[in-house]
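First up is the structure itself, then whatever we jot down about it.
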Amino acid sequence: MTVRFEQPLLAPVDDSGVDLQGEPVVRLRGFNRRFGENVIIDGLDLDIAPGEFIALLGRSGSGKTTLLRTLAGLDDAGGQDVRVPSSRAVVFQDARLLPWKPVWKNVALGLPGPNVRVRSEIALREVELGHRVGAWPLTLSGGEAQRVALARALVREPRLLLLDEPFAALDALTRYRMHDLVLALWRAHRPAVLLVTHDVEEAIALADRVLVLDAGRIVAQERISTPRGARSTLSARLRPHLLAHLGGERHDAGVVRLAPVGRAVE
Amino acid sequence: MLAWRFITRESSMTALTIGRDRLIPRSTGTGRRFARLSLGNRWASPVLLLLLWELGSRTGLIPERTLASPFAVLGTLVEMTLSGELPSNLLVSFARAAAGLLIGVGLGIVLGLIAGLSRAGENAIDPLMQIKRTIPALALTPLFIVWFGIGETPKIALIAFATVFPVYLNLYSGIRGVDVRLLDAARSFGLSRLELIWHVVLPAALPSLLVGLRYALSISILVLVVAEQINASAGLGYLINNARDFMRTDIIVVCLLVYALLGLGADWLVRLMEHRTLVWRPSIVEQSS
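If you read the sequences in order, they're chains Y and F. In terms of the working numbering, the first sequence is numbered consecutively and its last residue is 255. In terms of the working numbering, the second sequence is numbered consecutively and its last residue is 300.
Next up, the structure:
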């Protein structure tokens, strides 16, 4: 594993540099998950390309947390056709730092390889927390704690980064800063990202592809090739469409408008 | 307490207003002065009680065979300390409590770990501990005398027996109360079961363990007092028993003082441990910064 932190944060990387032809990092085929009578995930197919940024929208109870837990390896897939890379990391909605370990030890938690402290400090500098390396987590603000969680995920150089509503508990200003930070880090490290969110705007602003999950199925998906930062007009057009799928009306067929993979919305 | 603080805050304001043109007070200086003043207020009623007690003794209102005067107690304390009688007997009592605690706390930690960390361990140990809990430790004194005689063993065994439970229960519930979300997060970073226990479960359970330890320490002193009444030939209990036979209330009061000091010392010890091990808690972070 090589450490690539030294490259500049905002390296000019082409936004559409996603390698769709390459071997997907995540591959699910007909994935099911049920708890007793309750079907949580229902025959889900999902491919995530290396370096692809995916936003997963869905109401509470749509199955998005269950999907994320499976991809994170927290729930056993039970012998189904699920392929996820072993190098993956999760950032949760609450930062989930261990309060009895100083910040850098949280980042270094379970980190294999040499120079654990140095690598942790580099990662913390990258999220602009170089001055809080030895602080106790309970003294951090919400935004700072979430940045530590990001550093803890990225220091592992994951091929798959799972973000479980990581900005939901932050105030608006902090949230926008975190958006920029996440994009910068994604451009610098190029993991595949699955961002679970409630926020349609957030999904449109950040992702290459937006998926809408409802009742355990993907009911809509949109690929966005417009460069980030020039998406405001697109957002106005796309938002009602995505919201319609989130809105809660039951769609009889389950699938209303499933855009074929690779279709681009301009 | 709160109301009282409010009053001192008020009076400090008045004092500042009055002296404003004469002294521009440095805030830290006045704060310290009022802190000292408040400490003085806290001491007032105990000191008054002591004075009344001394007065009662001097006027003969309190006969010496009922209760020795504070000055007599002080004199006896100095005398017993200088003669070495008090230190040597204190050491004996301290060793008893320490030995009992070592066994009791050690056993409590081992059982708490087993029951907390494995389902099978819980099924095996917890019912027994709950049964044990219903038996007041001191009620076992006669049985322990039959089993272990009247030497050191029953005294240490009683303390050990009484202190197992608070340690066990608090550690066990501390382990079981670990935040599942933290466990999930740590698992998502690929920590093994042993690493999870070491990095997450045990540190999370430590505050509970310290609460258990604090209980155990105060219980150990309580049991020590009773256990030492069993035919002791040394120790604080022996001193008290002897003093009772000779109606030396001054010696009895000295020993009571020493028991109280033991309790204070135990409390201080746990506080010290909390400060050392729970430095990450915001309250402690603030205090030490």
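Even glycine gets a Cβ: it sits at the ideal position worked out from N, Cα and C. None of the values given here were measured: they were computed from a predicted structure.
Top-ranked residue by Cα proximity to residue i, from the options
| i | options | result |
| --- | --- | --- |
| L213 (chain F) | F:Y226, F:N181 and F:A243 | F:N181 |
| R58 (chain Y) | F:V290, F:R198, F:Y249 and F:S229 | F:R198 |
| Y179 (chain F) | F:L122, F:A148, F:E65 and F:R259 | F:L122 |
| F82 (chain F) | F:L93, F:L72 and F:L66 | F:L66 |
| L200 (chain Y) | Y:F20, Y:D36, Y:R220 and Y:E12 | Y:D36 |
| I73 (chain F) | F:C266, F:L275 and F:D261 | F:D261 |
| N95 (chain Y) | Y:P155, Y:L127, Y:A204 and Y:G68 | Y:L127 |
| G117 (chain F) | F:G223, F:L233 and F:C266 | F:G223 |
| I156 (chain F) | F:V237, F:A254, F:L289 and F:L128 | F:V237 |
| L221 (chain F) | F:S184, F:V265, F:L273 and F:R76 | F:S184 |
| G99 (chain Y) | F:L250, F:A196 and F:I230 | F:A196 |
| G40 (chain Y) | Y:P147, Y:P155 and Y:R217 | Y:P147 |
| A161 (chain Y) | Y:A140, Y:E190, Y:A78 and Y:R141 | Y:E190 |
| V14 (chain Y) | Y:L151, Y:L46 and Y:E117 | Y:L151 |
| V80 (chain Y) | Y:G67, Y:V185 and Y:E12 | Y:V185 |
Rounded C-alpha distance that separates residue i from residue j
| i | j | result |
| --- | --- | --- |
| A131 (chain F) | L227 (chain Y) | 55 angstroms |
| V137 (chain Y) | V269 (chain F) | 51 angstroms |
| D190 (chain F) | A171 (chain F) | 31 angstroms |
| A55 (chain F) | F176 (chain F) | 39 angstroms |
| N104 (chain Y) | V144 (chain Y) | 12 angstroms |
| E100 (chain F) | V122 (chain Y) | In the sequence as displayed, the identity of residue 100 (chain F) is Asn instead of Glu. Rounded to the nearest angstrom, the two C-alpha atoms are 51 angstroms apart. |
| V171 (chain Y) | R225 (chain F) | 46 angstroms |
| A61 (chain Y) | V73 (chain Y) | 8 angstroms |
| S76 (chain Y) | D153 (chain Y) | 17 angstroms |
| R22 (chain Y) | G205 (chain Y) | 9 angstroms |
| R198 (chain Y) | A135 (chain F) | 53 angstroms |
| A307 (chain F) | I232 (chain F) | Residue 307 (chain F) is absent from the structure shown; chain F starts at 12 and stops at 300. |
| V265 (chain F) | L97 (chain F) | 9 angstroms |
| N242 (chain F) | V103 (chain F) | 14 angstroms |
| L112 (chain F) | A173 (chain Y) | 57 angstroms |
| W89 (chain Y) | A215 (chain F) | 8 angstroms |
| W64 (chain F) | Q141 (chain F) | 46 angstroms |
| L193 (chain F) | T215 (chain Y) | 38 angstroms |
| M167 (chain Y) | G19 (chain Y) | 34 angstroms |
| V71 (chain Y) | D169 (chain Y) | 31 angstroms |
| L280 (chain F) | I167 (chain F) | 20 angstroms |
| S130 (chain Y) | G201 (chain F) | 27 angstroms |
| M284 (chain F) | L149 (chain F) | 28 angstroms |
| A271 (chain F) | N253 (chain F) | 20 angstroms |
| V290 (chain F) | L85 (chain F) | 39 angstroms |
DSSP state of residue i mapped onto helix, strand, coil
| i | result |
| --- | --- |
| I35 (chain F) | With a pLDDT of 42 at I35 (chain F), under the threshold of 50, the modelled position of this residue cannot be trusted, and the question is left open. |
| A0 (chain Y) | With a pLDDT of 35 at A0 (chain Y), under the threshold of 50, the modelled position of this residue cannot be trusted; read the value that follows with caution. Coil at A0 (chain Y), not helix or strand. |
| L117 (chain F) | Checking the displayed sequence, the identity of residue 117 (chain F) turns out to be Gly instead of Leu. G117 (chain F) falls in the helix class under three-state DSSP. |
| V122 (chain Y) | coil |
| I230 (chain F) | helix |
| L283 (chain F) | helix |
| R259 (chain F) | coil |
| G62 (chain Y) | coil |
| G32 (chain Y) | strand |
| R220 (chain Y) | coil |
| I82 (chain F) | According to the sequence provided, residue 82 (chain F) is Phe. The question's Ile does not apply to it. Looking at F82 (chain F) - three-state DSSP - the assignment turns out to be helix. |
| V157 (chain F) | helix |
| A192 (chain Y) | helix |
| P74 (chain F) | coil |
| S94 (chain F) | helix |
| K53 (chain Y) | helix |
| K143 (chain F) | helix |
| D137 (chain F) | helix |
| N104 (chain Y) | coil |
| N242 (chain F) | coil |
| F200 (chain F) | coil |
| S68 (chain F) | helix |
Counterpart residues of residue i in DSSP-defined beta bridges
| i | result |
| --- | --- |
| E211 (chain Y) | Y:V199 |
| T186 (chain Y) | Y:L46 |
| G27 (chain Y) | For the sequence presented, residue 27 (chain Y) should be read as Asn rather than Gly. Paired residue(s): Y:F24. |
| I37 (chain Y) | Y:V15 |
| D153 (chain Y) | Y:V185 |
| V71 (chain Y) | Y:L17 |
| A78 (chain Y) | Y:L150 |
| A206 (chain Y) | It should be noted that the sequence gives Arg, not Ala, for residue 206 (chain Y). R206 (chain Y) is bridged to Y:D203. |
Neighbour flag for residue i against chain B, beta carbons, 8 angstroms
| i | result |
| --- | --- |
| L118 (chain Y) | Of the protein chains in this structure, namely Y and F, none is chain B. |
Task: Under 9 angstroms (Cβ pairs) to chain Y, residues found in the region 200 to 217 of chain F - done: Those would be F200, G201, L202, S203, E206, H210, V211, P214, A215 and L217, in chain order.
Task: Positions along the region 120 to 132 of chain Y whose CB lies within less than 8 angstroms of some CB in chain F - done: Against chain F - using a Cβ distance shorter than 8 angstroms - the residues of the region 120 to 132 of chain Y are W125, P126, L127 and T128.
Task: Members of the region 177 to 198 of chain F that neighbour chain Y once the beta carbon cut-off is set at 8 angstroms - done: Answer set for the region 177 to 198 of chain F: R192, L193, D195, A196, A197 and R198.
TODO: Could you list the residues in the region 134 to 161 of chain F with a C-beta less than 9 angstroms from some C-beta on chain Y, going in chain order?
DONE: Under the 9 angstroms Cβ criterion, the region 134 to 161 of chain F contributes no residue.
- [ ] Would you list, in chain order, the members of the region 91 to 113 of chain Y that have their beta-carbon closer than 7 angstroms to a beta-carbon of chain F?
- [x] Residues of the region 91 to 113 of chain Y with a Cβ closer than 7 angstroms to any Cβ of chain F, in chain order: L98 and G99.
- [ ] Using a Cβ-Cβ cut-off of less than 9 angstroms, give me the residues of the region 57 to 83 of chain Y that come near chain F, in sequence order.
- [x] Hits within the stretch, in order: R58, A61, G62, L63, S75, R77, A78, V79, F81 and D83.
Open item on the list: Please list, in chain order, the residues of the region 262 to 293 of chain F that have any C-beta partner in chain Y closer than 9 angstroms.
Closed with: Within the region 262 to 293 of chain F, the qualifying residues are T288, L289, V290, W291, R292 and P293.
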